[in-house]
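In the working numbering, the protein residues as written are -15 to 72.
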């Protein structure tokens, strides 16, 4: 199953984020997610930013999502991938 099982679980997390956001919005509860990019593997060589991500790269996104600056954002998933998702 390998990559198929991995892909299914990642897709499930996207759906769960949206479903929870939809169900909890009436209670003024926001639900968002972050999707970190690659870790040190052969694939990491193709990251456009030329380096691997570190936990601190995700911290700012988390801080933003929990701040009042994001008070009208819910059901979103922020990709933190160093640009790998944007490659054609």
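Virtual Cβ for every residue (Gly too), placed ideally from N, Cα, C.
Note that the coordinates shown come from a computational prediction; the quantities given were computed from them, not determined experimentally.
Asked: Give the DSSP-derived three-state secondary structure of residue 20 in the structure shown.; Found: strand
Asked: Taking the Cβ atom as the reference point for each residue, do residue 14 and residue 64 lie within a distance shorter than 9 Å?; Found: no
Asked: Between the Cα of residue 69 and those of -11, -3, 19 and 60, spot the shortest distance and give me the residue it belongs to.; Found: 19
Asked: Going by DSSP, what residue range makes up the beta strand (DSSP E) through residue 64?; Found: 61 to 64
Asked: Note down, in chain order, each residue of its chain lying with its Cβ closer than 8 Å to the Cβ of residue 40, except the 5 sequence neighbours on either side.; Found: none
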